[in-house]
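Numbering (full-length UniProt numbering), first residue to last: 1 to 542.
Structure, rendered in structure tokens:
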């Protein structure tokens, strides 16, 4: 009886604990991605020498480094019967943080992996809004879609995905953020509200439709922008439009002509129904402004890392959100806006950092058209810039229009009536460079949204020349005021062939004629393809 009693007593002492664990290990944190303000559980497990969960063993918790932004509780506990778990909880407040929890029991010490607390509030500096994609979903970077035919008639339904990326001040994407969208022209559907996904992207489908973009007055680009209580500090036009290279006649490409003056000309087709005068076209007539809006904090520089914007720390003071339809950088009557404070008027910056307000970001998108014959020939208003070859032909070529088709006639060497002067080896095989200019009726480069978009000269076997070297290929990252296309025209005969194999001088000279053909894709999402015959390259060769 005495032996049996001692055995039971020994078993009871083992069950009650009181000894150090043989093994202690980190198990998990919950939730896996904790955020500021969340109660986060950090769990360890204790095992005895047999690998069985150890109950009742005392465990002390501490943070590896002092951190005033983290509350740890409890600091002491005992392992649980059955599971051997020992748990503590963390709460982060005020700022993004990262900590390591140290658990100690007997002679065993275990550290958790670094635990990072993401913010729960969207930050104005981290809000991104772009249309695209280029590389992957939500990547952004597409800037133009086709919207008009040759008559300037709207082609409704051209589509592009636009994504707002919502993140906290540490750059961590925020899931479930409610993002609203507003646009100057076209529609955002199926609604104007989207919810951010797991990585913080809120994506909507944008379509061309009524209303049309606002017709604006030509202006002059400047690097010096106004940024005060009522102005946002935005440039007149996005830099991907190359406004710093603007001049009134963009086909005359030369650095000395870069005045910043927006290209402009009377439209040969469109007329004002009231006055009968031709509308004046310029690139920003079809520059559409849109905004993404969500609740969050204004961006600031947290010098002391306390999670609060103090009086001396710089911050981004935001105006109430508005759609800048005329690109002035400030609200003007008639533009759409969101009345944050409910006073029924638009308000500028309030001069203080707001921890809870509506933050917003602007995106701009070009609608482009297709040039018509009226843009090329029979221009009714002499002296004004055209937007299509041959008006933009660059020496050494000359330009004609024959039977309503633009002709680019290759210039010949001085004193010669043919493009290659016989008897002059240096001239016989010298390549000739040809440059042409093409733009839509508003002086915008045409939308290019496919890798197959290009301008080229189809090669014919019987042609005596080779034409190559187009500089337009694939989708476009930028949209300057029109596009220059360059070709090199060379003799097909091999200048390195042995003398007996060389083709002799052609008498009389023979003519050649090659057609420049371009194609452009209107949209990255189910876009239609525009095919244009830009013109021909003609000449004679001996």
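Glycine included, each C-beta is placed from N, C-alpha and C at the ideal position.
Worksheet item: Residue ranges of each beta strand (DSSP E) run of no fewer than 3 residues wholly in the region 272-320, ordered along the chain?
Response: 278-281 and 287-297
Practice prompt. Tell whether a beta-carbon distance below 8 Å holds between residue 121 and residue 313.
Written response: no
Worksheet entry | Given residue 516 as reference, the closest of 434, 111, 444 and 263 once Cα atoms are compared | 434
Worksheet item: What span of residues does the beta strand (DSSP E) with residue 165 cover, start to end?
Response: 159-165
Discussion item. By the three-class DSSP mapping on this structure, what secondary structure does residue 243 have?
Written reply: helix
Worksheet item: Shortest alpha-carbon distance to residue 459 belongs to which of 177, 492 and 336?
Response: 492
Discussion item. Does residue 456 come out as helix, strand or coil in the three-state DSSP assignment?
Written reply: strand
Fill in: Nearest-angstrom Cβ-Cβ length linking residue 348 and residue 226, presumed shorter than 8 Å
Between residue 226 and residue 348 the Cβ distance is about 12 Å, and since that is not below 8 Å, they are no contact.
Item to complete: Would you mind giving the Cβ-Cβ distance between residue 112 and residue 26, rounded to the nearest angstrom? I have them listed as a contact below 8 Å.
Response: 5 Å
Practice prompt. Return the Cβ separation of residue 451 and residue 482 in integer angstroms, given the expectation that the two are a contact with Cβ distance under 8 Å.
Written response: Between residue 482 and residue 451 the Cβ distance is about 22 Å, and since that is not below 8 Å, they are no contact.
Worksheet item: Given that a residue counts as buried once 16 or more other Cβ atoms are within 10 Å of its Cβ, and exposed if not, what is residue 480?
Response: buried
Worksheet item: Mapping DSSP to helix, strand and coil, what is residue 499?
Response: helix
Worksheet entry | Alpha-carbon spacing of residue 439 relative to residue 343, whole angstroms | 45 Å
Practice prompt. From the DSSP output, in three-state form, read off residue 260 for me.
Written response: coil
Worksheet item: What residues in its chain sit with their C-beta under 8 Å from that of residue 259, if we drop five residues either side in the sequence?
Response: 220, 246, 247 and 248
Discussion item. As a quick exercise: from 69, 155, 84 and 104, pick the residue whose alpha carbon is nearest that of residue 76.
Written reply: 104
Discussion item. Need the endpoints of the beta strand (DSSP E) that residue 70 sits in, please.
Written reply: 70-73
Worksheet entry | Sufficient close CB pairs (3 or more, under 8 Å) joining the region 301-309 to the region 202-217 | no
Worksheet item: Would a C-beta distance cut-off of 8 Å place residue 442 and residue 283 closer than the cut-off?
Response: yes
Practice prompt. Can you have a look at residue 477 and say buried or exposed, based on whether 16 or more other CB atoms are within 10 angstroms of its CB?
Written response: exposed
Worksheet entry | Terminal residues of the beta strand (DSSP E) in which residue 92 lies | 85-92
Practice prompt. Under 8 Å by Cβ, that's how I've got residue 144 and residue 318 pegged, so tell me the actual separation to the nearest angstrom.
Written response: Their Cβ separation, rounded to whole angstroms, is 28 Å, which puts residue 144 and residue 318 out of contact at 8 Å.
Practice prompt. In angstroms with no decimal places, state the Cα-to-Cα distance between residue 514 and residue 262.
Written response: 34 Å
Worksheet item: residue 167 and residue 160 look like a contact to me (Cβ under 8 Å); what is the Cβ gap, rounded to whole Å?
Response: About 23 Å separates the two Cβ atoms, so there is no contact after all.
Worksheet item: When the Cβ atoms of the region 146-154 are set against those of the region 523-542, are three or more pairs found closer than 8 Å?
Response: yes
Practice prompt. Report the option in 241, 223 and 242 whose CA atom is closest to the CA atom of residue 233.
Written response: 223
Discussion item. Does residue 25 come out as helix, strand or coil in the three-state DSSP assignment?
Written reply: strand
Discussion item. Among 356, 70, 35 and 82, whose alpha-carbon lies nearest the alpha-carbon of residue 57?
Written reply: 82
Fill in: Own chain partners of residue 198 with C-beta closer than 6 Å, once the 5 adjacent residues on each side are dropped
175
Worksheet item: What did DSSP end up calling residue 332 once you bin it into helix, strand or coil?
Response: coil
Discussion item. Please classify residue 51 as buried or exposed, where buried requires at least 16 neighbouring CB atoms within 10 angstroms.
Written reply: exposed
Discussion item. Between which residues of its own chain and residue 200 is the CB-CB distance below 8 Å, once the five residues before and five after are set aside?
Written reply: 165, 166, 167, 172, 173, 174, 175 and 177
Worksheet entry | Endpoints, the beta strand (DSSP E) within which residue 368 is located | 357-368
Worksheet item: If we ignore side chains and look at the alpha-carbon of each, how far apart do residue 357 and residue 340 end up?
Response: 8 Å
Worksheet item: If you run the structure through DSSP and keep just helix, strand and coil, what is residue 533?
Response: strand
Item to complete: Compare the beta carbon distance of residue 98 and residue 37 with 8 Å and say whether it is the shorter of the two.
Response: no
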